[in-house]
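Residue numbers (our numbering): 161 to 846.
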């Protein structure tokens, strides 16, 4: 469908809404005829991936190990998978509340809410009756009496608040200094911290142009952090030979999964003690600009630390210490790996934990040698000043990194991306229906599909085979920014990001917030400020009419539209996790949202039968391989923190001032899968 000049399908839908009717037959026919099974969509890859990865299968195996390994966390417990083990998301319901720490004042200054409205405190066991967080006397009328309202967020628990001291080679636990946590505690006994947004699924995330709810994981991966080209000081090291290194900037497109993957291991909420990564990006600009190698001939080649960030800020932007720690450990050393695991079975040490292969050999098999093979070592002092030395005839200290350790963020991001690129659920009943199996959907589901496209207006945001306007294919086709018609004209916005009135804007700015360097996450706002070309090295989309520097845009309170496959399995819903069931979600859209969005949602006036059909259709988007953990969704054993013994009023001190953990085992399964895991608060029975 050839909608140009920044006018997306979503914009056409809104135009139809403003005209007081549903979408035209032409649009519906065009949308339906363009749909095909997800099997027909190519998996996006970086154009230059062969410059980095030498063996794709080996990279997938490494990525799966890194994603599921509990040893990545500072505590030796928190893995990436700790928040993504159920349908790619999280089904835990105890100690899963954040009180609203992202709230800001009208001037955008921080105004964190530290009061728990739901349950009255941390470590609360959520209940079905806590939902939705915005309760109305009449769920079909957003203007009816508000029975209760909470700005809390259902999310995922991570680590205890702590400061990093150092790694201990050979030990899964880092040496840390425990810190008092004024928010996440029960009577001054510390509990695990909880993230500020609902955990999205990683399944099918490979199709997103940007990742995270606010889009901060950039499509271009810089090898170090989520910022992509926004961080001009992000470098990795490349070997020009056994005794030569040069610092290089890397840029890999279609890699927002890699950009996303490198943030949680350094997050002091998710997996890391604060300051775990003291090594700065190197900034020998003369060597970089002239492409001159940094050499060592027995004399230290002095390197300057970055003059843009303090070491503490830089600790958020890389993960070299993590590499040093992991290379001293047996991969998955605390977890069983099923001998029939689809990618790791060949390495399994079953019935003992771990793999029969080292991290070093996994990296060397997956990546080109010039990213890991060198006789040189990078040494840094406590101030972040660096020097390159020849490898000494002794064990390296924790302030000395081999190249294979220093470039850990590059390996971590690209390997996890390679693994997550296999997590594609393209065999749902709906996909089978699009392949010509007309009986794959029930008659009620077919009615729901019709409502999805027509009266429900759902395809305004959940468009195309990927079911999201935020997909790579849609952004490439429509442009990174566009205009949506509104009651006052056409409104500029980032493609794929919407403010639909889930919560008041100041509770969470979403894509309207800033990145770690103080630049807006909104590409529309960057265009307005004249920064887009400077940051991204390309011209912004020319809107029709052109974007004015002072016109209102959609950014504050706007979030990425997610895909919908397996949505039955991924409750709770929305960026705040404030809705428990798909029925509550449909009620929300049917009444036109809860708070004033921009440009706002229409009142749909769906009948009870139409709402039920829409819910049943969405349940037809579940891939049974995901439900039953069959390949490629099989996995190693995992132990996840499941709150703490006790409740929001009482916990047990483990003698260090921290609450005792309650660890839940997620058993290892092989390619043939296993039992289905229960949905969040048993929503499958709702």
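Think of the CB as a built atom: it goes at the ideal place given N, C-alpha and C, for glycine as much as any other residue.
{"Query": "Among all the DSSP beta bridges, which residues are the ones paired with residue 246?", "Result": "249"}
{"Query": "7 Å is my cut-off, CB to CB: does residue 698 come that close to chain B?", "Result": "In the structure shown, chain B cannot be found, because there is only a single protein chain."}
{"Query": "Give the straight-line distance between the Cα atoms of residue 436 and residue 325, rounded to the nearest whole angstrom.", "Result": "7 Å"}
{"Query": "Thinking just about the alpha-carbon of each residue, which of 554, 346, 622, 743 is nearest to the one in residue 819?", "Result": "346"}
{"Query": "Can you check DSSP and say which residues form a bridge with residue 401?", "Result": "404"}
{"Query": "Along the chain, where does the alpha helix (DSSP H) that runs through residue 324 open and close?", "Result": "From DSSP, residue 324 is part of no alpha helix (DSSP H) but of the beta strand (DSSP E) over 322 to 326."}
{"Query": "Please return the same chain residues whose Cβ sits closer than 7 Å to the Cβ of residue 301, not counting the five positions on each side in sequence.", "Result": "751"}
{"Query": "With DSSP as the reference, please indicate the residues paired to residue 539 in a beta bridge.", "Result": "547, 560"}
{"Query": "Contact defined as beta carbons within less than 8 Å: I believe residue 593 pairs with residue 480. What is the distance between those atoms, to the nearest angstrom?", "Result": "Contact flag wrong, Cβ pair sits at about 48 Å."}
{"Query": "Just checking my contact of residue 418 with residue 576 at CB under 8 Å: how many whole Å lie between their CB atoms?", "Result": "7 Å"}
{"Query": "I need the straight-line Cα distance from residue 716 to residue 654, nearest angstrom please.", "Result": "11 Å"}
{"Query": "As an exercise, report each continuous beta strand (DSSP E) stretch of at least 3 residues that is fully enclosed by the segment 624 to 695, in chain order.", "Result": "641 to 646, 649 to 654"}
{"Query": "How would you call residue 203, buried or exposed, if buried means at least 16 neighbouring beta carbons within 10 angstroms?", "Result": "exposed"}
{"Query": "Please state whether DSSP places residue 294 in a helix, a strand or coil.", "Result": "strand"}
{"Query": "I believe residue 801 touches residue 317 by the beta-carbon criterion, under 8 Å. Please report the beta-carbon distance rounded to the nearest angstrom.", "Result": "6 Å"}
{"Query": "Hey, which unbroken runs of the alpha helix (DSSP H) at 4 residues or more fall wholly within the segment 741 to 819?", "Result": "742 to 750, 768 to 779, 784 to 787"}
{"Query": "Take residue 673 and list the residues in its own chain whose beta-carbon comes closer than 7 Å to its own, dropping the five residues that flank it on each side.", "Result": "374, 681"}
{"Query": "Out of curiosity, what's the CA-to-CA distance linking residue 845 and residue 424?", "Result": "Residue placement at residue 845 is poorly supported in this model, since its pLDDT is 42, which falls under 50; the coordinates still yield a value, given next. Distance between the alpha carbons of residue 845 and residue 424: 32 Å."}
{"Query": "Mind pulling the alpha helix (DSSP H) runs of 4 or more residues that sit fully within the segment 215 to 280?", "Result": "216 to 228"}
{"Query": "Taking residue 807 as the reference, which of 351, 293, 835, 194 has the closest Cα?", "Result": "351"}
{"Query": "Give me the Cβ distance between residue 305 and residue 277, rounded to the nearest whole Å; I'm assuming they're in contact under 8 Å.", "Result": "Rounded, the Cβ-Cβ distance is 18 Å, inconsistent with contact."}
{"Query": "Flag this pair as yes or no: are the beta carbons of residue 798 and residue 775 separated by less than 7 Å?", "Result": "no"}
{"Query": "Can you tell me whether residue 265 is buried or exposed, with buried defined as 16 or more other CB within 10 angstroms of its CB?", "Result": "exposed"}
{"Query": "What would DSSP say about residue 338, mapped onto helix, strand or coil?", "Result": "strand"}
{"Query": "With distances taken from CA atoms, which of 782, 241, 283, 570 is nearest residue 809?", "Result": "283"}
{"Query": "From what residue to what residue does the alpha helix (DSSP H) around residue 714 run?", "Result": "First-last for residue 714: undefined, no H or E at that position."}
{"Query": "Return the CA-CA distance between residue 713 and residue 506, expressed in angstroms with no decimal places.", "Result": "53 Å"}
{"Query": "Does the pairing of the segment 360 to 377 with the segment 235 to 249 give three or more beta-carbon distances under 8 Å?", "Result": "yes"}
{"Query": "Can you tell me the Cα-Cα spacing of residue 426 and residue 410, whole angstroms?", "Result": "20 Å"}
{"Query": "Compute the beta-carbon to beta-carbon distance between residue 235 and residue 333, rounded to the nearest angstrom, for a pair I have assumed lies under 8 Å.", "Result": "6 Å"}
{"Query": "What is the DSSP secondary structure of residue 720, reduced to helix, strand or coil?", "Result": "strand"}
{"Query": "Mind reading off the beta-carbon distance from residue 827 to residue 834? Whole number of angstroms is fine, and I expect it under 8 Å.", "Result": "7 Å"}
{"Query": "For residue 416 versus residue 376, is the C-beta distance shorter than 7 Å?", "Result": "no"}
{"Query": "Please confirm if the segment 579 to 597 is in contact with the segment 753 to 769, defined as three or more CB-CB distances below 8 Å between the two stretches.", "Result": "no"}
{"Query": "According to DSSP, is residue 595 helix, strand or coil?", "Result": "coil"}
{"Query": "Mind checking residue 667: buried by the 16 CB within 10 Å criterion, or exposed?", "Result": "buried"}
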